[in-house]
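K.L.:
In full-length UniProt numbering, the protein residues as written are 1 to 705. Structure incoming, see below.
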DNA sequence: CTAGGGTTAG
């Protein structure tokens, strides 16, 4: 944002200030704050007052009454003149004093039951019951007890408050705060807002507990703008936030991804002498972690070192997670070892985090090390950790270990396998082409245990069965999915159906899958019909394809395109130009970027990760572009290379084998590269001659060479 | 619950 567009100073508040001072695109990490370098503001009660000295130096028409403040030399006592943005002492909880009846009236034990049983709408009965129970005003303790007991009954909390108001009971802030808590629990934002405003206007005076409750209520009700509004209101109400309220608003910034705003507030608090605690650091750590911002997290670490704060387990957890997310497993590992060394015991979440990272980054050795230490140190375990270990085993291809743990869970009385567990095991089996094992878990064990599979279980199984070309079983699995999770059927599952369709052996199979697709996605079904129809042109296909893609999640778009190309490549009945049309569309929509490389010594195309049909289309496309270059009279390198990858397992070797066959079938002069496994090379002259023989290149080759 | 803020899974 342009500084010249900043709002007038009178409207500045902590949240708007942050936006106006720093461009959002620039990461901003303040220098370490020390008491000597902190800006010397005067002590004022509100943000706009704090900013007044600044406004005096920036604006010409200054109100006269401010001049005395400005003329005071600010360096007179720099240690005392800190900006008043945060209260350095936490709000103290005190017992109410006004209704100081030392002996609590003996509560009729059935009173509470009676109150709870009264319908919310029957205000009169609620009031008369209370009046009967308390002929003289209740004591503070009675009211505290009642309010705490009505925590889960928001409507009655309000009724009690109203009754207290009309009796002679002196309502202090604490009683309102308890009502707010009850309303927050029920996520009744409008009521929270109403009661808090009532406090502002009629009293009792809201305090830090009021504001932090209101801010966290706004957070819980996802009314983030209201959270910021109330934070700003604190200052105008003359209540200085303390560290708890500060963390609450920082959390709101974190959820909104407002990095700069959070940092500015943080830095201003630091300048005011605030020593952030573990909660503040975990909030900021999470903020930077979610943003994949390593520098932000490193800055937090430095700050803690500077302040001599040893992170606690929660802070370590957020950082370990964050660095894992930011693609820095080594830093996560360092942090994990550091906390162990410092005697900060890892908990379930720590272990979940680190094992997830080791699984994701294929760090088998590190994972096994943790696994051993878990047993040795009797580190704590929970359901999520159990399932994460299974996921990790799946990621690392440790099938038998996973099976062992799975059995262990079945024997356990504490951590029985749940639907997550089954979903991981099904995925693991499907990845290893063991569809029968997955089938048994999905259709036998899960129902036996009363577990409802979700759509991902079906998707894994359908994908696996499809790769094995077991069309009838795919149809059966799909029909079961339609019965049990019809509303969850998504693009990913459609993609698996599509890829099965590309493998069908005859028309009957094709029609069976097509019928499934029609039920799952009419839009996809109609696109397939258009692709079939010779008379449908490129623009129509493009529009229909665009519609399909724009509705699909990003990670399914490329698979969609791949599968459609495969379908048109390998099944009869589609016009022969369809695969290239779809490939071009994939390029137009940015699905296939960056697999062509041009160096002086060599041009190459990287087909790894493409489906068979898409790889063939990409190869044809590349060869044509080579021919075009020649026709445009531009220079070529001496050598050309195709990367196909090489796979030791059955799955990864499919593409290399297919392309090898395709190349020899067409007589293309590419041969297996000896110096670089997983690639094929051709000499320039051979390639050009072949291109000419295929009619791809019209220029006579001898003339170029 | 005993007035307020923080972290884990396809």
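Even glycine gets a Cβ: it sits at the ideal position worked out from N, Cα and C. Predicted, not measured: the structure shown is a model, and the values here were computed from it.
What does a CB cutoff of less than 6 Å around residue 523 pick up in its chain, not counting 5 residues either side in sequence?
P.N.:
Numbered from 1 along the first chain, position 523 holds the residue referred to as residue 523. Within the same chain, residue 523 has close Cβ partners 548.
K.L.:
Let me know the secondary structure DSSP gives residue 455 once reduced to three states.
P.N.:
To locate residue 455, count along the first chain from 1; it is residue 455. Note: residue 455 maps to helix in three-state DSSP.
K.L.:
With which residues is residue 680 paired in a DSSP beta bridge?
P.N.:
To locate residue 680, count along the first chain from 1; it is residue 680. BP columns for residue 680 point to 642, 672.
K.L.:
Are the CB atoms of residue 189 and residue 152 nearer to each other than 7 Å?
P.N.:
On the first chain, position 189 is the one that residue 189 refers to. On the first chain, position 152 is the one that residue 152 refers to. Contact: no.
K.L.:
Going by alpha carbons, who is nearest to residue 192 out of 110, 168, 158, 248?
P.N.:
Within the first chain, the letter at position 192 stands for residue 192. Ranking 110, 168, 158, 248 by Cα distance to residue 192 puts 158 first.
K.L.:
Drop a sphere of 10 angstroms on the beta-carbon of residue 110, count the other beta-carbons inside from all chains shown, and report buried for 16 or more, exposed for fewer.
P.N.:
Here residue 110 refers to the residue found at position 110 when the first chain is read from its first residue. Looking at its Cβ environment, which holds fewer than 16 other Cβ atoms inside 10 Å, residue 110 is exposed.
K.L.:
So what does DSSP say about residue 318, is it helix, strand or coil?
P.N.:
To locate residue 318, count along the first chain from 1; it is residue 318. It is helical.
K.L.:
With DSSP as the reference, identify every bridge partner of residue 597, one or two as the case may be.
P.N.:
As a first step, residue 597 is located in the first chain; it is residue number 597 there, counting from the start. In the DSSP output, where bridge partners are listed per residue, residue 597 has 604.
K.L.:
Quick one: complete alpha helix (DSSP H) runs, 4+ long, within the region 377–464?
P.N.:
Counting only runs of 4 or more, we get 383–395, 399–411, 419–431, 435–440.
K.L.:
Of all the alpha helix (DSSP H) runs that stay within the bounds of the region 492–557, which reach a length of 4 or more residues?
P.N.:
Complete alpha helix (DSSP H) runs here, min 4: 507–520, 522–532, 538–551.
K.L.:
In chain order, what residues of the same chain lie with their CB nearer than 6 Å to the CB of residue 357, ignoring the 5 residues before and after it?
P.N.:
Residue mapping note: residue 357 aligns to position 357 of the first chain, counting from 1. Hits under 6 Å: 324, 329, 332.
K.L.:
Following the continuous alpha helix (DSSP H) through residue 330, name the residue where it begins and the one where it ends.
P.N.:
The residue given as residue 330 occupies position 330 in the first chain. Element bounds for residue 330: 329–341.
K.L.:
For residue 123, which of helix, strand or coil comes out of DSSP?
P.N.:
Here residue 123 refers to the residue found at position 123 of the first chain. In the structure shown, residue 123 sits in a helix (DSSP, three-state: H, G or I).
K.L.:
CB residue 561 to CB residue 586, shorter than 7 Å?
P.N.:
On the first chain, residue 561 is found 561 positions in, with the first residue counted as 1. On the first chain, residue 586 is found 586 positions in, with the first residue counted as 1. Cβ atoms of residue 561 and residue 586: closer than 7 Å.
K.L.:
Just the C-alpha distance for residue 563 and residue 434, rounded to the nearest angstrom, thanks.
P.N.:
As a first step, residue 563 is located in the first chain; it is residue number 563 there, counting from the start. As a first step, residue 434 is located in the first chain; it is residue number 434 there, counting from the start. Rounded to whole angstroms, residue 563 to residue 434 spans 22 Å at the Cα level.
K.L.:
When the Cα of residue 442 is compared with those of 432, 431, 461, which residue comes out closest?
P.N.:
Position 442 of the first chain, counted from the first residue, corresponds to residue 442. Residue 442 has its Cα closest to that of 461, out of 432, 431, 461.
K.L.:
Along the alpha helix (DSSP H) that carries residue 168, what are the first and last residues, could you check?
P.N.:
Taking the first residue of the first chain as 1, we reach residue 168 at position 168. Looking at the DSSP string, residue 168 is not in any alpha helix (DSSP H), and its letter there is neither H nor E.
K.L.:
Given that a residue counts as buried once 16 or more other Cβ atoms are within 10 Å of its Cβ, and exposed if not, what is residue 590?
P.N.:
As a working mapping, residue 590 is identified with position 590 in the first chain. Residue 590 is exposed by the Cβ-count criterion.
K.L.:
Would you kindly report the start and end of the unbroken alpha helix (DSSP H) that includes residue 579?
P.N.:
For the purposes of this step, residue 579 is taken as residue 579 along the first chain, with counting starting at 1. 578–588 is the extent of the alpha helix (DSSP H) around residue 579.
K.L.:
Can residue 614 and residue 640 be called in contact, C-beta distance under 7 Å?
P.N.:
Your numbering for residue 614 matches position 614 in the first chain. Your numbering for residue 640 matches position 640 in the first chain. No, Cβ-Cβ distance for residue 614 and residue 640 is not below 7 Å.
K.L.:
Whole angstroms is fine: what's the gap from residue 180's alpha carbon to residue 277's?
P.N.:
Against the first chain, residue 180 aligns to sequence position 180. Against the first chain, residue 277 aligns to sequence position 277. Approximately 26 Å, taken between the alpha carbons.
K.L.:
Under DSSP, the alpha helix (DSSP H) around residue 231 begins and ends at which residues?
P.N.:
Mapped onto the first chain, residue 231 falls at position 231. Note, residue 231: alpha helix (DSSP H), 224–236.
K.L.:
How far does the alpha helix (DSSP H) with residue 620 in it extend, from its first residue to its last?
P.N.:
Indexing the first chain from 1 puts residue 620 at position 620. Residue 620 -> alpha helix (DSSP H) spans 612–631.
K.L.:
Exposed or buried, what is residue 257 when buried is set at 16 or more other beta-carbons lying within 10 Å of its beta-carbon?
P.N.:
The sequence position of residue 257 within the first chain is 257, counting from 1. Residue 257 should be labelled exposed.
K.L.:
Ignoring anything shorter than 4 residues or poking outside the UniProt repeat "PPR" (172–206), list the alpha helix (DSSP H) runs there in chain order.
P.N.:
For the UniProt repeat "PPR" (172–206), whole alpha helix (DSSP H) runs of length 4 or above, ordered along the chain, are 173–185, 189–202.
K.L.:
How long is the line joining the alpha carbons of residue 399 and residue 436, rounded to whole angstroms?
P.N.:
Position 399 of the first chain, counting from 1, holds the residue named residue 399. Position 436 of the first chain, counting from 1, holds the residue named residue 436. Cα to Cα, the separation comes out at about 15 Å.
K.L.:
Work out the CA separation of residue 145 and residue 118 for me, nearest whole Å.
P.N.:
Within the first chain, residue 118 is the residue found at index 118, counting from 1. Within the first chain, residue 145 is the residue found at index 145, counting from 1. Cα to Cα, the separation comes out at about 18 Å.
K.L.:
Residue 657: buried (16+ other C-beta within 10 angstroms of its C-beta) or exposed?
P.N.:
Your numbering for residue 657 matches position 657 in the first chain. With fewer than 16 other Cβ atoms within 10 Å, it is exposed.
K.L.:
Roughly how many whole angstroms lie between the Cα atoms of residue 66 and residue 233?
P.N.:
The residue given as residue 66 occupies position 66 in the first chain. The residue given as residue 233 occupies position 233 in the first chain. For residue 66, the predicted structure reports a pLDDT of 37, less than 50, and the residue's modelled location is therefore unreliable. A value from the coordinates is still provided. Those two C-alpha atoms are separated by around 23 Å.
K.L.:
For residue 243 versus residue 90, is the C-beta spacing smaller than 7 Å?
P.N.:
Indexing the first chain from 1 puts residue 243 at position 243. Indexing the first chain from 1 puts residue 90 at position 90. The answer is yes: Cβ separation under 7 Å.
K.L.:
Would the region 672–679 and the region 612–629 be scored as touching if the rule is three or more Cβ pairs under 8 Å?
P.N.:
No, because fewer than three Cβ pairs between the region 672–679 and the region 612–629 fall closer than 8 Å, the two stretches do not touch.
K.L.:
Go ahead and pull the three-state DSSP assignment for residue 251.
P.N.:
Looking up residue 251 in the first chain gives position 251. Note: residue 251 maps to helix in three-state DSSP.
K.L.:
Rounded to a whole number of angstroms, what is the C-alpha to C-alpha distance between residue 281 and residue 255?
P.N.:
Against the first chain, residue 281 aligns to sequence position 281. Against the first chain, residue 255 aligns to sequence position 255. If I take the Cα positions, the gap works out to 15 Å.
K.L.:
On the three-state DSSP scale, how would you describe residue 573?
P.N.:
One-based indexing of the first chain puts residue 573 at position 573. DSSP places residue 573 in coil when its eight states are reduced to three.
K.L.:
Quick check on DSSP: helix, strand or coil for residue 363?
P.N.:
As a working note, residue 363 is residue 363 in the first chain. Residue 363 falls in the coil class under three-state DSSP.
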